[in-house]
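Asker: Protein chains in written order, with our numbering: chain U, 1 to 220; chain C, 221 to 439. What follows is a structure written as structure tokens; I'll ask about it next.
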Amino acid sequence: MKNKIVTLDEVMEKITDGATIMVGGFLSVGSPLSIIDAIVEKGVKDLTIISNDTSIPGVGNSKLIAAKLVKKVITSHIGTNPETGKQMMEGSLDVQLVPQGSLAEMIRAAGAGLGGVLTPTGVGTEAAEGKQTIVIGNRKYLIELPLRADIAILRGTIVDTFGNIFYNKTTQNFNPVMATAADLVIVEAEKIVKEGDIDPNKVKTPGIFVDYIIRSNSNE
Amino acid sequence: MSNEKITIAKRIAKELKDGDVVNLGIGLPTLVANYLPDDVDIVIHSENGILGVDAAPDKSLVDKDLVNAGGSHVSTKHGACFFDSSISFGIIRGGHVDVAVLGALQVDKNGNLASHKVPGKMIPGMGGAMDLATGAKRIIIATLHTNNGSPKILNELTLPVTAINVVKTIVTEKAVIEVTPEGLLLKEIAADTTVEEVQSLTEAPLIVSPDLKSFDVAA
Numbered sequence: 001m002k003n004k005i006v007t008l009d010e011v012m013e014k015i016t017d018g019a020t021i022m023v024g025g026f027l028s029v030g031s032p033l034s035i036i037d038a039i040v041e042k043g044v045k046d047l048t049i050i051s052n053d054t055s056i057p058g059v060g061n062s063k064l065i066a067a068k069l070v071k072k073v074i075t076s077h078i079g080t081n082p083e084t085g086k087q088m089m090e091g092s093l094d095v096q097l098v099p100q101g102s103l104a105e106m107i108r109a110a111g112a113g114l115g116g117v118l119t120p121t122g123v124g125t126e127a128a129e130g131k132q133t134i135v136i137g138n139r140k141y142l143i144e145l146p147l148r149a150d151i152a153i154l155r156g157t158i159v160d161t162f163g164n165i166f167y168n169k170t171t172q173n174f175n176p177v178m179a180t181a182a183d184l185v186i187v188e189a190e191k192i193v194k195e196g197d198i199d200p201n202k203v204k205t206p207g208i209f210v211d212y213i214i215r216s217n218s219n220e
Numbered sequence: 221m222s223n224e225k226i227t228i229a230k231r232i233a234k235e236l237k238d239g240d241v242v243n244l245g246i247g248l249p250t251l252v253a254n255y256l257p258d259d260v261d262i263v264i265h266s267e268n269g270i271l272g273v274d275a276a277p278d279k280s281l282v283d284k285d286l287v288n289a290g291g292s293h294v295s296t297k298h299g300a301c302f303f304d305s306s307i308s309f310g311i312i313r314g315g316h317v318d319v320a321v322l323g324a325l326q327v328d329k330n331g332n333l334a335s336h337k338v339p340g341k342m343i344p345g346m347g348g349a350m351d352l353a354t355g356a357k358r359i360i361i362a363t364l365h366t367n368n369g370s371p372k373i374l375n376e377l378t379l380p381v382t383a384i385n386v387v388k389t390i391v392t393e394k395a396v397i398e399v400t401p402e403g404l405l406l407k408e409i410a411a412d413t414t415v416e417e418v419q420s421l422t423e424a425p426l427i428v429s430p431d432l433k434s435f436d437v438a439a
């Protein structure tokens, strides 16, 4: 079996300018903080970031925005990071806002081989602009298309050497869906254990989705 | 938090029933949990992936892996559970949340809600607001009656709509208003106001309930 455990330096060779990257986490809880720091250090630029939010200044994926490495962000909420709004107003950052539940399902659809999802969320609002609608029964739905990425960077609390992931408490958030919807999936592990040492009942992300595992430098 | 906001939170707390699954928006709505009657136990949902949210823990018990959707550290009740964002919003859109208590920038007489954007000034993104407003079984709006004197309860929204025809109940420091097919029904007014004052602070016409009550949550 392929050894998936690599160093942060090795994994950074795979993360290159212009990539579309999904970043797990909710206000940085469950975010791959060591990989984010390494992207900033390497200065990988022209990124498209897909993430629930852009965190708060100085923490997690907000550092990518602050370092001006991001050209576009697809997200549900930027209100906690004034720098994202500032770059959006200046025109240097393209911000595509998507309702949070729709964002999760668009990513899930991509990973699950679906051609999109039908959601009542956003009907009649600006979130519907440019999107097709369909009536089923008496209710109108938006057609939200699948959302994929080149790379997903995730954080797992315990990861076995096969890539099976256990997420503690509210660190799950977008990590499990993102694991399914990128060409290259990298998980930053707080703790790495031998294959099979996570109770199969507690595995949330099956190891088949994971390409590389790195050890987290962060205790945050 | 101002006395007006505490009044609103206390009044909304009386709307919740034992066993309700409730999502409380960030800010004023979060206060509602502090004023539940002793015989009412609710299951608080947080959209980042919790059912069974409890109060903020003592500093010594803070867990870096356990926050609510506002990013604040919380604790969990006995019987709580965690899930991912897909399940969390399935719970919301699927009608499994009995009540969502949300803030508002504006509400109109048709129950349309504006809560996520002031063009050119405040563009934080809708986060989970559109899903909650669309999917929860009952939407209670917790808001000050006016924005520094200018009405927030309008004939028609002037700000971008967050969800159409979803608001059921509006609770302010002045009044409890139900959105009905006939229009806005004024059901209760605060003990320290009059119907005339409430109407003067409300752009949309109010239908005064024949059964109009007074509420005084200070008692």
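Here a beta-carbon is modelled for each residue, glycine too, at the ideal position from N, C-alpha and C. Keep in mind that this is a model prediction, so the values were computed, not measured.
Between G245 (chain C) and L322 (chain C), how many whole angstroms is the CB-CB distance? I'm expecting something under 8 Å.
Answerer: G245 (chain C) to L322 (chain C), Cβ: 4 Å. Contact.
Asker: Specify, as a first and last residue, the run of the alpha helix (DSSP H) that P249 (chain C) falls within.
Answerer: P249 (chain C) -> alpha helix (DSSP H) spans L248 to L251.
Asker: Could you give the C-beta distance for L97 (chain U) and M346 (chain C), rounded to a whole number, given that I count them as a contact under 8 Å?
Answerer: 6 Å between Cβ atoms; contact.
Asker: Answer with yes or no whether the minimum CB distance from G291 (chain C) to chain U is below 7 Å.
Answerer: G291 (chain C) counts as touching chain U.
Asker: In whole angstroms, what is the alpha-carbon distance linking I36 (chain U) and I107 (chain U)?
Answerer: Cα to Cα, I36 (chain U) sits roughly 20 Å from I107 (chain U).
Asker: Please report the straight-line C-alpha distance between F209 (chain U) and V203 (chain U), rounded to a whole angstrom.
Answerer: For F209 (chain U) and V203 (chain U), the distance between alpha carbons rounds to 12 Å.
Asker: So, helix, strand or coil for Q132 (chain U), using DSSP?
Answerer: Q132 (chain U) falls in the coil class under three-state DSSP.
Asker: Measure the C-alpha to C-alpha separation of T48 (chain U) and V95 (chain U) and round it to an integer number of angstroms.
Answerer: For T48 (chain U) and V95 (chain U), the distance between alpha carbons rounds to 10 Å.
Asker: Over what stretch of residues does the beta strand (DSSP E) that includes M22 (chain U) continue unbroken?
Answerer: Here the beta strand (DSSP E) through M22 (chain U) covers T20 to V23.
Asker: Closest to L145 (chain U) by C-alpha separation, out of U:I136, U:A127 and U:L118, would be which residue?
Answerer: If we check each option's Cα against that of L145 (chain U), U:L118 comes out closest.
Asker: Assign D17 (chain U) to one of two classes, buried (16 or more other C-beta atoms within 10 Å of its C-beta) or exposed (fewer than that).
Answerer: By the 10 Å Cβ count, D17 (chain U) comes out exposed.
Asker: What residue ranges within the stretch 20 to 69 of chain U form continuous beta strand (DSSP E) runs of no fewer than 3 residues, ordered along the chain?
Answerer: With a minimum length of 3 residues, the continuous beta strand (DSSP E) runs that stay inside the stretch 20 to 69 of chain U are 20 to 23 and 47 to 50.
Asker: Residues of the stretch 293 to 317 of chain C in Cβ contact with chain U at a cutoff of 7 Å, in chain order, please.
Answerer: Against chain U - using a Cβ distance shorter than 7 Å - the residues of the stretch 293 to 317 of chain C are F302, F303, D304, S305, S306, F309, I312 and R313.
Asker: With DSSP as the reference, label H77 (chain U) as helix, strand or coil.
Answerer: Note: H77 (chain U) maps to strand in three-state DSSP.
Asker: Would you list, in sequence order, the uninterrupted alpha helix (DSSP H) runs of no fewer than 4 residues that lie entirely inside the stretch 362 to 430 of chain C?
Answerer: Here the runs fully enclosed are 415 to 420.
Asker: Three or more beta-carbon pairs under 8 Å between the stretch 388 to 406 of chain C and the stretch 347 to 355 of chain C, yes or no?
Answerer: The stretch 388 to 406 of chain C, when compared against the stretch 347 to 355 of chain C, does not touch it at the 8 Å Cβ threshold.
Asker: In the DSSP assignment, find the alpha helix (DSSP H) that holds Q100 (chain U) and state where it starts and stops.
Answerer: Element bounds for Q100 (chain U): Q100 to G111.
Asker: Mapping the DSSP letters down to three states, classify Y255 (chain C) as helix, strand or coil.
Answerer: It is helical.
Asker: Within 10 angstroms of the Cβ of R139 (chain U), are there 16 or more other Cβ atoms? Answer buried if so, exposed if not.
Answerer: Exposed.
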